[in-house]
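Asks:
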Amino acid sequence: AQKITQTQPGMFVQEKEAVTLDCTYDTSDPSYGLFWYKQPSSGEMIFLIYQGSYDQQNATEGRYSLNFQKARKSANLVISASQLGDSAMYFCAMRERAWRGSTLGRLYFGRGTQLTVWP
Amino acid sequence: GAVVSQHPSRVICKSGTSVKIECRSLDFQATTMFWYRQFPKKSLMLMATSNEGSKATYEQGVEKDKFLINHASLTLSTLTVTSAHPEDSSFYICSARDWGIEAFFGQGTRLTVV
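Chains A and B, in that order, give the protein sequences.
According to the numbering used here, the first sequence is numbered sequentially starting from 17.
According to the numbering used here, the second sequence is numbered sequentially starting from 37.
#1: Check the Cβ of residue 82/A against every Cβ in chain B and list those closer than 9 Å, keeping chain order.
#2: So which residues of chain B does residue 125/A contact, with C-beta pairs closer than 9 Å?
#3: Determine, using beta carbons only, whether residue 104/A and residue 32/A come nearer to each other than 8 Å.
#4: Could you tell me the alpha carbon to alpha carbon distance between residue 102/A and residue 46/B, rounded to whole angstroms?
#5: Can you find a C-beta in chain A that's less than 8 Å from the C-beta of residue 146/B?
#6: What does the alpha-carbon distance come out to for the pair residue 94/A and residue 57/B?
#7: If you check the beta carbons only, do residue 130/B and residue 40/B fall under 8 Å apart?
#8: Please classify residue 123/B: does DSSP put it in a helix, a strand, or coil?
#9: Closest to residue 70/A by CA distance: which of 81/A, 64/A, 86/A is it?
#10: Confirm, please, whether the CB-CB distance from residue 64/B to residue 21/B is below 8 Å.
#11: Scan the stretch 38–67 of chain A for residues whose Cβ lies nearer than 7 Å to a Cβ of chain B and list them as they occur along the chain.
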């Protein structure tokens with residue numbers, strides 16, 4: 017079974033609008049972490065936001081927020097007030113056994129969503 | 037945030053030669069480093085995990101003798117693609133962890149074997 021599922025190969029949004037990128041995950045581990053990364057055409061992976069499985073509140077980082085619904089095993093990324101520079105590939109990822117200090121746990125990546133922001 | 041430096045960013049080599057890619061953590065000690073390969077418009081595929089001072093753990097299907105990984109110190113890991121062939125052409129990217137939660141990525145290396 018896929019650990020991370022991103023069902024939207026491509027998304028389009030107009031500048032200044034909000035957009036939600038979907039991500040669902042599959043794990044039986046009670047301790048895990050969820051990540052979102054942005055990959056522009058240059059290839060670098062830019063860390064955007066992190067949500068721990070025990071975090072009570074949804075993570076937010078500037079224009080990025082993570083809509084964490086634990087029972088549904090979903091971790092959607094919401095980008096508010098989209099900008100042209102937000103056009104990129106976005107990857108959702110998960111690490112199991114994610115407690116601080118653990119060296120275990122590789123990242124599992126989804127297939128990504130290509131976001132295009134138009135003027 | 038923490039910085040991971042990967043070098044070179046682009047390399048073109050002749051078929052049959054070897055290429056070394058370096059991954060350095062600049063301001064933290066990387067207890068674990070990961071090497072990924074990415075095909076165009078595809079997700080990242082984990083190749084191997086390395087912990088400083090021990091042998092790398094390779095994912096199933098990844099040839100250990102072809103993709104040599106050395107994690108000699110807490111700040112440096114290298115990936116050597118030996119006897120490269122055109123099918124090895126790809127984007128290779130490393131990431132590093134300290135004791136924190138985040139995984140920091142290098143800038144990636146675009147390898148073209150001609």
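For glycine and all other residues, C-beta sits at the position ideal for the given N, C-alpha and C.
Replies: For this structure:
#1: Here residue 82/A corresponds to residue number 66 of the first sequence, with the count starting at 1. Going along chain B, no residue has its Cβ under 9 Å from residue 82/A, so there is no contact; the nearest lies around 14 Å.
#2: As a position in the first sequence, residue 125/A is number 109, starting the count at 1. For residue 125/A, the chain B residues whose C-beta falls within less than 9 Å of its own C-beta are 72, 79, 80, 81, 82, listed in chain order.
#3: Against the first sequence, residue 104/A aligns to sequence position 88. Against the first sequence, residue 32/A aligns to sequence position 16. 8 Å or more divides the Cβ of residue 104/A from the Cβ of residue 32/A.
#4: Sequence index remark: in the first sequence, residue 102/A carries index 86 (1-based). Sequence index remark: in the second sequence, residue 46/B carries index 10 (1-based). Going by the C-alpha atoms only, they are around 24 Å apart.
#5: What you label residue 146/B is simply residue 110 of the second sequence in a count that begins at 1. It does: the Cβ of residue 146/B has a partner Cβ on chain A nearer than 8 Å.
#6: The sequence position of residue 94/A within the first sequence is 78, counting from 1. The sequence position of residue 57/B within the second sequence is 21, counting from 1. Here the alpha carbon of residue 94/A sits roughly 35 Å from the alpha carbon of residue 57/B.
#7: Counting from one through the second sequence, the residue named residue 130/B turns up at place 94. Counting from one through the second sequence, the residue named residue 40/B turns up at place 4. Taking C-beta atoms as the reference points, residue 130/B and residue 40/B count as a pair closer than 8 Å.
#8: Residue numbering aside, residue 123/B sits at position 87 when the second sequence is read from its first letter. If DSSP states are grouped into helix, strand and coil, residue 123/B belongs with the helices.
#9: Within the first sequence, residue 70/A is the residue found at index 54, counting from 1. Of the listed residues, the one whose Cα sits closest to residue 70/A is 86/A.
#10: Residue 21/B cannot be examined here, being either before or after the span of chain B that is shown, 37 to 150.
#11: Cβ contacts with chain B come from 49, 59, 60, 61, 63, 66.
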